[in-house]
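Engineer:
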Amino acid sequence: MQDRYSAHRNIQTANFVCNAPLAKFVSLVGDFNRWDETAHPMKKTPSGSWILSIQLRHGHHRYAFMVDGTLTLDPMAMGITKDDRDRRVSLMALS
Amino acid sequence: MKRTQAAPRKGASRKPARILPRPQRGRIHPVVIYPFRQPEHNTDLEKLYELIGRLDEQKDVYARPLTVIDRKTHQANERRKAYQTFRRNRVERHSDVLDAWCVDTCQMWYTGLGTAFDRGGPDDVYWLIPGDFDYGTPVGQEVLSRLHDLPEICVELEQDLCIGEIVTDHNNSKQLIDTYGTFALLYNWFPKEAEDIRGYTERPRSEFFAVRHGFLREMLCRRWYPHEQTVVLLLEAVLRHKHISRFTVGAISDLPEGRDALASAWHQVERTERVLKSFWQERHENKPGWADRYRALEAQSEMVVRTALGILQNLLG
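Protein chains in written order, with the working numbering: chain D, 3 to 97; chain R, 1418 to 1734.
1) Which of the three DSSP states, helix, strand or coil, is assigned to Phe-1503(R)?
2) Could you give the C-beta distance for Leu-2(D) and Phe-1664(R), rounded to a whole number, given that I count them as a contact under 8 Å?
3) What residue range does the beta strand (DSSP E) around Gly-81(D) cover?
4) Please check if any C-beta of chain D sits within less than 8 Å of the C-beta of Leu-1714(R).
5) For a contact meaning CB atoms closer than 7 Å, what does Tyr-1617(R) contact in chain D?
6) Whose C-beta lies closer than 7 Å to the C-beta of Leu-45(D) among residues of the same chain, with five residues either side of it excluded?
7) For Asn-12(D) and Arg-59(D), what's the separation of their Cα atoms in angstroms?
8) If distances are taken between C-alpha atoms only, which option among Phe-27(D), Leu-24(D), Ile-56(D) comes closest to Phe-34(D)?
9) Measure the CB-CB distance between Gly-1548(R) and Ile-1445(R) and report whether it falls below 8 Å.
10) Quick check on His-1458(R): does DSSP put it in helix, strand or coil?
11) Given that a residue counts as buried once 16 or more other Cβ atoms are within 10 Å of its Cβ, and exposed if not, what is Gly-1675(R)?
12) Determine the direct distance from the alpha carbon of Pro-1456(R) to that of Phe-1503(R), and round the result to whole angstroms.
13) If you draw a straight line from the C-alpha of Trp-1707(R) to the C-alpha of Gln-1698(R), how long is it?
14) Pull up the distance between the alpha-carbon of Gly-1531(R) and that of Ala-25(D), whole angstroms please.
15) Comparing alpha-carbon positions, which option in Gln-1730(R), Trp-1518(R), Tyr-1543(R) lies nearest Arg-1634(R)?
16) I think Val-1655(R) touches Glu-1610(R), with their Cβ atoms under 8 Å apart; what is that distance to the nearest whole Å?
17) Which residue spans inside the segment 1569-1654 of chain R form an unbroken alpha helix (DSSP H) run of at least 4?
18) If I'm right that Trp-1683(R) touches Leu-1729(R) with Cβ under 8 Å, what's the distance once you round it to whole angstroms?
19) Look at Leu-1651(R) and Ile-1614(R) and say whether their C-beta atoms are less than 8 Å apart.
20) Tell whether a beta-carbon distance below 8 Å holds between Leu-1574(R) and Ser-1662(R).
21) Below 8 Å on the Cβ atoms is my contact criterion, and I expect Leu-1465(R) with Leu-1561(R) to pass it. Report the Cβ-Cβ distance as a whole number of Å.
22) Pick from Arg-1620(R), Pro-1705(R), Pro-1643(R): whose alpha carbon is nearest that of Gly-81(D)?
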């Protein structure tokens, strides 16, 4: 879908933060990695937050955090929608 | 809490940040609902029509914008030079004007969306833009720069409906009406659907949205309720298992209408109840025993309204 527009070739850094101090493993999943929970593992900081910066194409992206195997919405997301499996997921705009 | 966000853009302007590149199919139809009361100053409308002008230049992406003006608004202002000049130099230059006698704002939506629909095609998306917000303020301009996301989300993510949610203080009257009135009534008449709707948005009466052609056709061809159209759109979307998104567009306020906050809130709660009653009845009137069920819900609804109005009176009165 994202290939429908040529401007989606434009790339921008997106920063993700997940506050889950007790979690053992957190990853970022979304349309951009086909919801593969091993594709984008997040890094734990001393404060207990998990962070990740990745390059994404301009446009709108559906994503979520996988916190110890549980799909978790981003409470600070710009929006909310559903994925192709009818799960509620977060929504972000990059422009 | 830290905020997940795109990396900050240096020198980000408040102009629409991104103009959607040429889509393979389908166009976006901006439909502006001109304020019923002409504001004393055109600052907010100037900013809005700067955006509309930019959209009008992107003819491969956007259809010619449409502005709906109630004839009563025109009649009340036709002798005012400022109105005439603004209408001629801004509104008519950047959009087609649809002059229509309208009972209320909902009829302006119906007329505008219906006319845009008649001009559109199966892959098009229709974008409602209310004119009576303070787009001239710094935060208003920020909101203007984000509104384009609503139709783009419909196009890119193939959504049937994208609701724009404005951010308000918990004590804002809109928020109070939705918390104690709209949702309380929704949970009474449509409990399951209310839960689904609240999963998307806290503002089910938002005037900012974009809707896909197929879903709009279904809505236009049904009975068009005279109040609280967004609530009806959301209910229909949930009941028909449509693809729904919510996107936060920022903090913005509607322009003062000279109405008392409590009186306005009171009307809005009562209107919501009326529309939910009608909608429920329409969906259930062919089922056995519907009248008894309706009476039971109506009794509960009356209590909900009484409670909501009591709370709103305490908070806004």
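No residue lacks a Cβ here, since even glycine has one placed at the ideal position from N, Cα and C.
Structural biologist: Working from what's here:
1) helix
2) Beyond the ends of chain D as shown, which are 3 and 97, falls residue 2(D); an answer cannot be given.
3) 81-84
4) no
5) Ile-82
6) For the record, residue 45(D) in the displayed sequence is Lys; it is not Leu. Within the same chain, Lys-45(D) has close Cβ partners Trp-52, Ile-53, Leu-54.
7) 5 Å
8) Ile-56(D)
9) no
10) coil
11) Bear in mind that the predicted position of Gly-1675(R) carries a pLDDT of just 46, short of 50, making it unreliable; the figure below should be weighed with that in mind. By the 10 Å Cβ count, Gly-1675(R) comes out exposed.
12) 12 Å
13) 8 Å
14) 51 Å
15) Tyr-1543(R)
16) 5 Å
17) 1590-1593, 1600-1606, 1608-1617, 1630-1638
18) 7 Å
19) yes
20) yes
21) 7 Å
22) Arg-1620(R)
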